[in-house]
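Numbering (our numbering), first residue to last: 4 to 141.
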């Protein structure tokens, strides 16, 4: 079996949700691997959440053989909920003021505009939204 199938199997065995922060597609290898991996994870019902500094249509902009990879990336994005997080605020600069984002915090902090997280969860989960409590994702 292809190595990416084995990777997708391992990821799917332990996770329902994979979060990728600061996703960048900068070369043909990134594009090839990411395109296939996203498809394999989708078949295995693993949700993928990504943050990126570029709009989705600019991923792998001007890249080699872009026409081979962009349709699959765009297809994945079309099947996803796109939340634009451009607020004009640099949350990193405000982290020291956030009560839960101290050096003692057990993990990274997540920032939304006021009420934004509830709005996103309502859109994604609707009536199936579980009661959320603080915890650790493994």
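Note that beta-carbon positions come from the ideal geometry of N, C-alpha and C, so glycine has one too.
- When rounded, the separation of the alpha-carbon atoms in residue 44 and residue 15 is 7 angstroms.
- Shortest Cα-Cα distance from residue 51 to any of 40, 20, 8 involves 20.
- Membership of residue 52 in the beta strand (DSSP E) is indicated by the continuous run 50–53.
- When DSSP states are grouped into helix, strand and coil, residue 41 belongs to the helix group.
- Contact check for residue 72 against residue 11 fails: the beta carbons are separated by 7 angstroms or more.
- Within the DSSP bridge table, the entry for residue 23 names 53 as partners.
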